[in-house]
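Novice: According to the numbering used here, the sequence shown is numbered sequentially starting from 1.
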Amino acid sequence: MPHFVLLYSPDLESEADIGSLCRSLADCMLEQRDETGKAVFPVGGTRVLAYPAAHAAIADGKGDYGFLYANLRMGAGRSSAVHKQVGESLLAVLRSQLDELLARRPIGITLQIDESPGQVYDAKHSSLHPLFAKTS
């Protein structure tokens, strides 16, 4: 964790570089620092995933409407200041890459951040984390 999932109307793929957006969002996440200067997210656990919605109904259906729903799920324990900082930083990336498109047509963007404080089961098996572990 963290996992940042984008769900969007399929028509956005022809108008936006979704792959580049994912990379920019992941880079933004990795730049985040808490109040003590510590990285907010682990490099090996950071994931940005994007999926076009197979089916969608948007607003009244009478226009060329689009959407992008972005949900960041992260482990509990970060301050509300960090939540706000991360949200504003990610929204700035979304806007920098999508505002031109929003100026041309109506598109709704939603960004939500959720914590997972009470996981019933949380297993991880990864050969990624050792690549980024600090050596003493």
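Ideal Cβ placement from N, Cα and C applies to all residues, glycine included.
Assuming F4 is part of the beta strand (DSSP E), what are its boundary residues?
Specialist: Looking at the DSSP string, the run of the beta strand (DSSP E) that includes F4 is 3-8.
Novice: What are the start and end residues of the beta strand (DSSP E) that includes F67?
Specialist: Segment 66-74, the beta strand (DSSP E) holding F67.
Novice: Check the DSSP bridge columns for A103 and list the partner residues they point to.
Specialist: DSSP lists no partner for A103.
Novice: How many Å lie between P10 and A53 at the Cα?
Specialist: C-alpha separation (whole angstroms): 6 angstroms.
Novice: In the DSSP assignment, the alpha helix (DSSP H) including A50 goes from what residue to what residue?
Specialist: Careful: A50 lies outside any alpha helix (DSSP H), inside the beta strand (DSSP E) at 47-52.
Novice: For the alpha helix (DSSP H) that G19 lies in, which residues bound it at each end?
Specialist: It spans 18-31 - the alpha helix (DSSP H) in which G19 sits, taken as one unbroken run.
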